[in-house]
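Engineer: Below: one structure in structure tokens.
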Amino acid sequence: MSRPAANPHVESLRAYVPGEQPQGGGWVKLNTNEHPWPPSPRASAAAAAALADPARLRLYPSPDAAPLREAASRLHGHPAADIVAGNGSDDLLNLLIRAFAGPGRPVGVIDPSYSLYGVLAAAQAAPVVRVPFPAEGRLDPAAIAASGAALFLLTNPNAPLGHAFAPAEVEAAARAFPGLLVVDEAYAAFAEADCAALPARLPNVLVTRTLSKSHALAGLRAGYALCPPGVADILHRVRDSYNLDALAQAAAAAALDDREWLADAVSRVRAARARLAEGLAALGWTVRPSQGNFVLAFPARAGESPSPALAESAFAHLRARRILARRFPNHPLTESGLRVSVGRPEEMEAFLAAAADWTAGRG
Ligand SMILES: Cc1ncc(COP(=O)(O)O)c(C=O)c1O
861 MSRPAANPHV ESLRAYVPGE QPQGGGWVKL NTNEHPWPPS PRASAAAAAA LADPARLRLY
921 PSPDAAPLRE AASRLHGHPA ADIVAGNGSD DLLNLLIRAF AGPGRPVGVI DPSYSLYGVL
981 AAAQAAPVVR VPFPAEGRLD PAAIAASGAA LFLLTNPNAP LGHAFAPAEV EAAARAFPGL
1041 LVVDEAYAAF AEADCAALPA RLPNVLVTRT LSKSHALAGL RAGYALCPPG VADILHRVRD
1101 SYNLDALAQA AAAAALDDRE WLADAVSRVR AARARLAEGL AALGWTVRPS QGNFVLAFPA
1161 RAGESPSPAL AESAFAHLRA RRILARRFPN HPLTESGLRV SVGRPEEMEA FLAAAADWTA
1221 GRG
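Below, the structure is given as structure tokens:
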């Protein structure tokens, strides 16, 4: 007997392919923008305490992740009632698309940006409208408005490009756009500015945050949405009743409350990012300025300018040395590049040494 048919739009759907996650040690893993250092000891202690408490595991957790929402409220000065917690920000993006998009209600995205959006939209049979990344790096409110999207997902800072639009540009786009503008701030902690204050002022701006990158908790799965009034109620209708487990709630709340840890971690990541960019530029690679915890770098060597083939060659050279970067071969702005996550200083030196060997044609 053959498999029963799924919904037609799911039959034709191609699953999102995450970056390679090699299990086991020995890799310099610079492909999925994880944080290079361990999380706040206060976060680990809170998770351990929750684990050691039999009641915390036996009983259901707070259905709406109250500890995390309250910590996010303290951090941003945003009402806890207008914050929704997610099992990672991917969960929130999925909820937003389920609640606001669907057949005849398109999802707008900047192209290139986070490729998961298209998969989440396709799973709800929602069309995707792609607005090209503006060549001069200025967000065009008219282009966002003309997208006709019910929901527009703006990755800011952009991944994989690293470019960040200023909050004033995002505000101008929101004012021109009748739908819900979601600012995906997965990388905002590493940027010069952020849009976390906008949802309190603009009825159609929502900001998503994750603890995966900024707080070194990718393994835990925790994120949250800063919602304009009325939107949290909509998202609660479509989320799982207990979408965050007790350990994630406890650790995420403690992590958000440890602001000194974050300030120190961000300054170390920024210093390592600057060292990586300088080192690659010294090799003759082109490096896009980045406000995330990664850079998009274009391998080059004497007499050869960047191309997809060169990028593939550099990627393979690095991988053979157990150094993982990420390729984005499907867009003209990224096809000749490698996205390299910012790692610890010794990982940056290992990466730069291998990149230097490749550039010089060694090994
Ligand atoms: C732009 C962007 N948004 C969201 C996410 C997902 O974050 P989370 O781990 O919270 O699901 C990522 C992860 O790579 C990302 O790059």
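The number in our numbering is simply the position in the sequence shown, starting from 1, with 860 added.
The beta-carbon is built from N, C-alpha and C at its ideal position, and this holds for glycine as well.
Suppose contacts are defined by Cβ-Cβ distances below 8 Å. Is residue 906 in contact with residue 1111 by that definition?
Structural biologist: Yes, they are a contact pair.
Engineer: Exposed or buried, which one is residue 1093 when buried takes at least 16 other CB atoms within 10 Å?
Structural biologist: Its Cβ having fewer than 16 others within 10 Å, residue 1093 is exposed.
Engineer: Using the C-alpha atoms, what's the distance from residue 877 back to residue 985?
Structural biologist: Their backbone Cα atoms lie some 19 Å apart in a straight line.
Engineer: Quick check: what's the CA-CA separation for residue 938 versus residue 1091?
Structural biologist: If you take the alpha carbons of residue 938 and residue 1091, they lie about 14 Å apart.
Engineer: From the DSSP output, which residues share a beta bridge with residue 992?
Structural biologist: DSSP, once it has assigned bridges, lists 971 as partnering residue 992.
Engineer: How would you write the range of the alpha helix (DSSP H) that residue 953 sits in, first residue to last?
Structural biologist: First-last of the alpha helix (DSSP H) with residue 953: 949-960.
Engineer: Tell me the DSSP secondary structure of residue 1044 in three-state form.
Structural biologist: If DSSP states are grouped into helix, strand and coil, residue 1044 belongs with the strands.
Engineer: Tell me which residue opens and which closes the beta strand (DSSP E) that residue 1201 is part of.
Structural biologist: Counting along the chain, the beta strand (DSSP E) containing residue 1201 begins and ends at 1198-1201.
Engineer: For the candidate residues 884, 991, 1021, whose alpha-carbon lies nearest to that of residue 1158?
Structural biologist: The shortest Cα separation from residue 1158 among 884, 991, 1021 belongs to 1021.
Engineer: Measure the alpha-carbon distance for residue 1041 versus residue 880 and round it to whole angstroms.
Structural biologist: Rounded to whole angstroms, residue 1041 to residue 880 spans 30 Å at the Cα level.
Engineer: Let me know the alpha helix (DSSP H) ranges lying completely inside the stretch 1009-1091, each 4 residues or longer, listed in chain order.
Structural biologist: Correct list: 1027-1036, 1058-1061, 1071-1074.
Engineer: Please list, in chain order, all residues of the same chain as residue 1218 whose beta carbon is under 6 Å from its beta carbon, the five residues on each side excluded.
Structural biologist: Same-chain partners within the cutoff: 1174, 1177.
Engineer: Please go through the same chain and pick out, in chain order, the residues whose beta-carbon is closer than 8 Å to the beta-carbon of residue 1113, but skip the five residues on each side of it.
Structural biologist: For residue 1113, where only same-chain residues beyond five positions count, the Cβ hits under 8 Å are 906, 927, 928, 930, 931.
Engineer: Out of curiosity, what's the CA-to-CA distance linking residue 1088 and residue 977?
Structural biologist: Near 21 Å, if we compare the C-alpha coordinates of residue 977 and residue 1088.
Engineer: Classify residue 884 as helix, strand or coil using the three-state DSSP reduction.
Structural biologist: Coil, per DSSP.
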